[in-house]
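In case it helps, my numbering puts the sequence shown at residues 110 to 233.
Each residue gets a CB set at the ideal place from its N, CA and C atoms; glycine is no exception.
First the structure, in the form of structure tokens, and then the observations on it.
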Amino acid sequence: MRILVVEDDPVLSNGLKVGLSLFGPTLDIVASCTEGRAAPAETEFDVLVLDIMLPDGSGLDLLAELRANGNKILVLVLTALDDTTDRVKGLDGGVDDYLGKPPNRARKSGERSGPARRITMAPI
């Protein structure tokens with residue numbers, strides 16, 4: 110499994126890389142919409158972990174471009190924009206799962222939604 114992470118916070122992106130790599134996937138990390146736009150053109154990814162507030166634009170705009178080009182990648186948004194309106198906007202825009210930042214460490218694995226669980230429990 111190959112995961113593209115589009116996240117501009119180096120501490121969070123490194124934490125994702127360390128944590129998710131324990132489950133076997135390969136992670137590519139970029140920090141902007143521009144890089145996030147270019148990466149799927151060069152490599153096929155199974156999952157996209159996407160921040161919304163990026164230095165050069167909105168992750169949701171990036172996702173809209175990917176969807177308009179026929180990309181059906183599984184998308185997990187990880188963002189500080191965590192109220193109901195933001196969640197609905199993201200889900201209506203093609204997001205498969207939506208998690209707030211910082212991630213709640215106390216959240217039990219059984220409470221995670223389906224897409225998030227499939228990312229971390231994928232067979233090696």
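Check                                                                                   : Outcome
Three CB pairs or more closer than 8 Å across the region 125-134 and the region 176-185 : no
Start-to-end residues for the beta strand (DSSP E) that takes in Gly209                 : 206-209
Three-state secondary structure (DSSP) of Gly128                                        : helix
9 Å Cβ cutoff met for Leu159 and Leu187                                                 : yes
Between the CA atoms of Leu172 and Ala189 - distance to the nearest angstrom            : 17 Å
Residues sharing a beta bridge with Gly166, DSSP                                        : Leu163
Any non-hydrogen atom of the ligand ADP closer than 8 Å to Pro134 Cβ                    : Only the bare structure without any ligand can be found here, which leaves the ligand ADP out of the picture.
Span separating the alpha-carbon of Thr193 from that of Met110                          : 31 Å
Terminal residues of the beta strand (DSSP E) in which Leu187 lies                      : 183-188
Secondary structure of Thr268, DSSP reduced to three states                             : This structure does not reach residue 268, given that the chain is present from 110 up to 233, and the question cannot be answered.
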